[in-house]
Every structure is written in C-alpha cells, then in structure tokens.
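Okay, so the sequence shown: first residue is 408 according to the working numbering, each after it adds one.
C-beta: ideal position from N, C-alpha, C; glycine also.
Quick caveat: nothing in here was measured; it's all calculated off a predicted structure.
Before any comments, here is the structure.
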Amino acid sequence: AYSAAKPRRDGSDQARAAWQRAVLNAATVPLEVAAVCAAALEQTEAIQERISRYLVSDLAGGCLLLAAAARSAALNVRVNLPDLEDAEVASKRRAELHGSLDRVQRLEAALMSFAERLLPHP
408 AYSAAKPRRD
418 GSDQARAAWQ
428 RAVLNAATVP
438 LEVAAVCAAA
448 LEQTEAIQER
458 ISRYLVSDLA
468 GGCLLLAAAA
478 RSAALNVRVN
488 LPDLEDAEVA
498 SKRRAELHGS
508 LDRVQRLEAA
518 LMSFAERLLP
528 HP
C-alpha cells in the first residue's frame with residue numbers, strides 16, 4: 408500500500424482512489440488471515456475429544472501458532488485502518504477484526520485448558 412504513497416500526495420482524485428484501494432487491500436488480506444485462524448481453531452476444538460493423547464502437544468502447539476498468527480495479522484489490519492477515509496468501511500473492518508480476535512482468544516483458552524488437563528505435569 409505504501410508504494411502508492413507518492414501518487415497520493417499529488418492530490419488527484421485518481422491517485423487518492425488508488426491509495427484507498429491499496430490501503431483497503433492491505434487491511435483486508437490480514438483481516439482474512441485472522442478469520443481463517445479463528446476458523447481453524449474452531450475446527451480444532453471440534454475434534455479435540457477424538458485425538459490421541461499423544462497428539463495433545465501438537466494440538467496445543469498448533470493452537471498457540473494459530474493464535475499468534477491471528478494476532479500478528481491483526482497488527483497489520485490496525486496499522487492500515489487509520490488511513491481509510493471511508494469511516495463506515497473502517498468501522499466494519501474493525502468490528503470484524505474484534506470478532507475474530509474474540510473468537511481466537513476464547514478458543515485458545517479452551518483448547519489450552521483441554522491440553523493442560525491431558526498433558527503430564529513435570
């Protein structure tokens with residue numbers, strides 16, 4: 408998105424529109440990543456009771472990685488949303504992000520609690 412910064416500064420409507428499209432795309436892609444991470448955690452939760460106890464550490468590790476990926480993607484969304492001029496679109500994207508992150512947090516806590524119950528303690 409930032410490669411479009413120079414044309415944006417010339418003030419033309421065309422350059423401004425190009426900048427807004429670039430910023431929207433720069434926010435949308437990581438927003439989708441966060442949603443996919445939340446969906447993957449939901450799928451993991453759906454199968455947790457059927458996995459072998461020998462795979463619990465893999466479940467927990469995958470859970471942590473998906474949660475980290477979602478949070479990392481959220482940072483990219485957050486850095487780009489302030490440059491969106493359409494406040495309604497920015498608000499909608501922000502709400503979508505919060506929804507995904509809320510799901511991720513809830514699922515991460517539930518999955519890690521499940522894993523902790525099954526993992527041996529040192």
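{"query": "Spatially closest choice to Thr451 from Ala502, Met519, Pro527, by CA coordinates", "result": "Met519"}
{"query": "Three-way DSSP call (helix, strand, coil) for Gly418 in this model", "result": "coil"}
{"query": "Burial state of Pro527, where buried means 16 or more other Cβ atoms lie within 10 Å", "result": "exposed"}
{"query": "Same chain, Cβ closer than 7 Å to Leu471, five either side skipped, listed in chain order", "result": "none"}
{"query": "Contact check, Arg525 vs Val486, beta carbons under 9 Å", "result": "First, the residue type needs correcting, since residue 525 is Leu and not Arg in the sequence shown. Contact: no."}
{"query": "Status (buried if at least 16 other CB within 10 Å, exposed otherwise) for Pro529", "result": "exposed"}
{"query": "Beta-carbon separation (whole angstroms), Val430 vs Leu504, contact threshold 8 Å", "result": "The Cβ separation is near 15 Å, so there is no contact."}
{"query": "Rounded distance between the beta-carbons of Arg500 and Ala434, thought under 8 Å", "result": "6 Å"}
{"query": "Ala474 and Leu514 closer than 9 Å at C-beta", "result": "yes"}
{"query": "Best match in Ala497, Leu466, Ala477, Asn432 for proximity to Ala453 [C-alpha to C-alpha]", "result": "Leu466"}
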